[in-house]
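Under this note's numbering, think of the first position of the sequence shown as 844, with each following residue one higher.
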Amino acid sequence: MRLDLSVPKKRPGREAFGAGGEGGPRLCSAREGAEAFLADRAAKALIVAEDASFSLLLKAVRAERSVTLLWEDDALPLFAMPDTVGCVLAAGRAPLLRAARFFARVRAIPCALFPTDAAQDGTCERRGCVRVGGHDVCVPLAEAQIFCDVPRMRESLAEAYARLLLSRVALFEAEAAGMRDAQPLPFFLGLLQALHVGGCPDVPGYEYEELLERYLDAPNLTLRHVALRLRASALMEGGDLTGAVAVLKQCRTFFVEHGLVWEAAKTIALLALSYLRRHDRRTALRFIIEAYP
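Structure (structure tokens):
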């Protein structure tokens, strides 16, 4: 199987992905990806790469507004970069990619990743282990735009595909043994709510009210706060705007602090709707701008 043939190639125009890379990895050359990422950005760009990976971003490295840093297995030197750095591009393997995303999270700047390993380790985790000043710490990581230069990954494609097959086999075995306790993802809970509110019958095994009650006490904090938001939506429809606002603000704080941009935007949009129903247009407008800057 050829990964580069099985996934349609997309040109990396700015319209192809969201600000946090929600559209997923883009298959293109590193040069095309770097040009698209830097196209509308005037601030200095920090380019950090492993010694063997600088060639991926050679054109960007030569730009006047670029600041370059050779990766030496520690994130601390990144934080010595000037405050004028407005974005970061990282090329290499998982430890470097996590460090760049941690730096981007702390500085609140955009991040672009150019992984050299087809397994994509270090590109998508919400939290990860990063070495800072010789100490390994578990930290929250920023979302990033991911550009995959497939010809540069050929040596690791076989291992990545093998890992994918093994994970599929493990899921199949767990399903066959009845050991898999499926937990709906946030968007699936939202879909069940839409069906429930629309008067459709519950999906067998996924009864909406039962799932909602279960996830209000779930150990998974993301699912718990998604369930809280859905409960707040029901409160709002029932006329309890004060109760809905209190719950939505709690959810907003959680999603923002954990970098869950899309979940935060949906929560803030509901907050805006709540204030509109309270005839507080000024506050509603403030939340609308926050949800969709």
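Where is the CB? At the ideal position from N, CA and C, for every residue including glycine.
Does the beta carbon of residue i fall short of 6 Å from some heavy atom of the ligand ZN?
| i | result |
| --- | --- |
| E1133 | No copy of the ligand ZN appears in this structure; indeed no ligand is present at all. |
Measuring alpha carbon to alpha carbon, tell me which residue in the options is nearest residue i.
| i | options | result |
| --- | --- | --- |
| I952 | V931, Y1058, A1112 | V931 |
| L870 | L1071, P994, L919, A906 | P994 |
| P916 | L940, Q988, L1055 | It is worth fixing the name first, because residue 916 is Asp in this sequence and not Pro. It is L940. |
| D960 | P1044, C954, F990, R1124 | F990 |
| L881 | V891, F897, A906 | A906 |
| A903 | G1086, Y1051, A879 | A879 |
| S872 | L919, Y1049, G971, P958 | P958 |
| A962 | A1001, N1063, S909 | A1001 |
| E1052 | L1035, L1064, P1062, A1061 | L1035 |
| L1059 | L1116, D992, L1032 | L1032 |
| G988 | L1103, L956, E875, V1104 | In the sequence on display, residue 988 carries Gln and not Gly. Out of L1103, L956, E875, V1104, L956 has the C-alpha closest to the C-alpha of Q988. |
| V975 | T966, E1080, L921 | L921 |
| V1139 | L1064, N1063, G1081 | Any question about residue 1139 goes unanswered here, given that the chain covers just 844 to 1136. |
| P868 | W914, C967, R874 | C967 |
| H1101 | Y1049, D883, N1063, E1050 | N1063 |
| R1074 | C1043, A1037, E893 | A1037 |
| R874 | D894, D992, A1061 | D992 |
| V1104 | M996, Y1049, E1133 | E1133 |
Look at the Cβ atom of residue i, then the Cβ atom of residue j, and state whether they are nearer than 7 Å.
| i | j | result |
| --- | --- | --- |
| L1091 | R1121 | no |
| L912 | V891 | yes |
| Y1135 | A1127 | no |
| L1078 | A1089 | no |
| D964 | A937 | yes |
| S909 | A934 | no |
| C954 | R944 | yes |
| F1130 | L1114 | yes |
| A877 | L900 | yes |
| C1094 | R1124 | no |
| V973 | A942 | yes |
Let's see if you can read the secondary structure: which residues bound the beta strand (DSSP E) around residue i?
| i | result |
| --- | --- |
| H978 | 978-983 |
| V993 | Careful: V993 lies outside any beta strand (DSSP E) and carries neither H nor E. |
| R970 | 970-975 |
Which stretch, first to last residue, makes up the alpha helix (DSSP H) that contains residue i?
| i | result |
| --- | --- |
| G1140 | One cannot answer for residue 1140 here, as it falls past the ends of the chain, which runs 844 to 1136. |
| E1052 | 1051-1058 |
| E1080 | 1064-1080 |
| A1134 | 1124-1134 |
| L1113 | 1104-1120 |
* Is the region 980-987 close to the region 945-961, with three or more CB pairs under 8 Å? -> Output reads yes: the region 945-961 touches the region 980-987.
* To do: Report yes or no: do the region 880-887 and the region 923-930 share at least 3 C-beta pairs separated by less than 8 Å?
  => Under the three-pair Cβ rule at 8 Å, the region 880-887 counts as touching the region 923-930.
* Could I get the ranges of all uninterrupted alpha helix (DSSP H) runs contained in the region 880-966, with 4 residues as the minimum, in chain order? => Counting only runs of 4 or more, we get 901-904, 937-950.
* Is there contact between the region 1067-1086 and the region 1106-1122, where contact requires at least three CB pairs shorter than 8 Å? -> Counting Cβ pairs under 8 Å, three or more are found: they touch.
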